[in-house]
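Engineer:
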Amino acid sequence: MSTTLHTRRLVEHRYGRPLERLQREVAAGRCADPVLPIVLRRLTVLEQTGEQGRAAHRALRTTLQKAVADGSPRDDRLRPYIAELFYLEQQEQSQTEALWDLLDVRLLLDQPGAGRTSTRHTSRSPEDENLMDAARDAAVCLPRLTRDALRLALRDRGIQVSNRRLGLVLRQLRAERTH
Numbered sequence: 012m013s014t015t016l017h018t019r020r021l022v023e024h025r026y027g028r029p030l031e032r033l034q035r036e037v038a039a040g041r042c043a044d045p046v047l048p049i050v051l052r053r054l055t056v057l058e059q060t061g062e063q064g065r066a067a068h069r070a071l072r073t074t075l076q077k078a079v080a081d082g083s084p085r086d087d088r089l090r091p092y093i094a095e096l097f098y099l100e101q102q103e104q105s106q107t108e109a110l111w112d113l114l115d116v117r118l119l120l121d122q123p124g125a126g127r128t129s130t131r132h133t134s135r136s137p138e139d140e141n142l143m144d145a146a147r148d149a150a151v152c153l154p155r156l157t158r159d160a161l162r163l164a165l166r167d168r169g170i171q172v173s174n175r176r177l178g179l180v181l182r183q184l185r186a187e188r189t190h
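Here the sequence shown is numbered in the numbering used here, starting from 12 and rising by one per residue.
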């Protein structure tokens with residue numbers, strides 16, 4: 012499954028509605044979620060980058076086939092196509108990560124999608140407290156408290172955390188910093 016298709020399905024899952032319906036809501040101005048218009052714009056850019064990547068891949072394949080048929084040296088003819096494909100794949104990856112972060116921001120804003128209920132726990136287990144203690148220790152060393160920085164700092168301590176739990180921990184740490 013392509014990154015674009017996977018991200019599209021993730022957007023639909025997070026909002027609980029098909030993408031076309033979400034687009035109609037934003038176009039009609041019936042959107043109460045401040046993150047949704049940004050998510051949709053980013054998804055459109057991601058789809059365009061994915062299409063450019065597929066076109067670059069096709070051009071590379073065609074050039075390779077011509078070079079093989081000619082028996083000519085391939086390196087000089089293929090380098091520009093490979094560089095473009097590499098660049099587009101990096102762009103697609105960074106755009107995907109930015110979009111996924113926006114979807115996490117939506118969850119942090121505590122605006123659940125249609126038909127879903129909150130999954131917050133009212134009581135904390137000792138394991139959650141240990142995770143929070145480790146996260147507090149890790150956050151002290153961080154110049155800026157971001158999802159990626161916290162995830163890496165926890166991994167350095169040998170702690171693997173799911174994306175959902177990391178979001179909850181991050182929200183708690185930011186709330187503690189503001190108080």
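From the three backbone atoms N, C-alpha and C, an ideal C-beta is built for every residue, glycine too.
Return the chain-ordered list of same chain residues with a C-beta closer than 6 Å to the C-beta of residue 33, the five sequence neighbours on each side being excluded.
Structural biologist: In the sequence shown, residue 33 corresponds to position 22, counting from 1. So the list reads 26, once near-sequence residues are dropped.
Engineer: Apart from the five residues just before and just after residue 95, which ones in its own chain have a Cβ nearer than 7 Å to its Cβ?
Structural biologist: One-based indexing of the sequence shown puts residue 95 at position 84. Cβ within range, chain order: 67.
Engineer: Cutting at 7 Å between CB atoms, please list the residues of its own chain near residue 35, excluding the five before and the five after it.
Structural biologist: Locating residue 35 in the sequence shown gives position 24, counting from the first residue. None.
Engineer: Going by beta carbon distance, what residues of the same chain come within less than 7 Å of residue 60, once the five residues before and after it are set aside?
Structural biologist: The residue labelled residue 60 in the question sits at position 49 within the sequence shown. Excluding sequence neighbours, residue 60 sits near 99, 102, 103, 106.
Engineer: Are residue 22 and residue 56 touching if we call contact CB-CB under 9 Å?
Structural biologist: Translated into positions along the sequence shown, residue 22 becomes position 11. Translated into positions along the sequence shown, residue 56 becomes position 45. No, Cβ-Cβ distance for residue 22 and residue 56 is not below 9 Å.
Engineer: Can residue 46 and residue 156 be called in contact, C-beta distance under 9 Å?
Structural biologist: Locating residue 46 in the sequence shown gives position 35, where the first residue counts as 1. Locating residue 156 in the sequence shown gives position 145, where the first residue counts as 1. Not closer than 9 Å, so no.
Engineer: Quick check on this structure: which residue in 180, 154, 159 has the alpha carbon closest to the alpha carbon of residue 145?
Structural biologist: Here residue 145 corresponds to residue number 134 of the sequence shown, with the count starting at 1. Ranking 180, 154, 159 by Cα distance to residue 145 puts 180 first.
Engineer: Helix, strand or coil for residue 160? Go by DSSP, reduced to three states.
Structural biologist: Locating residue 160 in the sequence shown gives position 149, where the first residue counts as 1. Note: residue 160 maps to helix in three-state DSSP.
Engineer: Around the C-beta of residue 73, are 16 or more other C-beta atoms found within 10 angstroms, so that it is buried, or is it exposed?
Structural biologist: Along the sequence shown, one-based indexing puts residue 73 at 62. Exposed.
Engineer: In this structure, does DSSP put residue 173 in helix, strand or coil?
Structural biologist: The residue labelled residue 173 in the question sits at position 162 within the sequence shown. In the structure shown, residue 173 sits in coil (DSSP, three-state: anything other than H, G, I, E or B).
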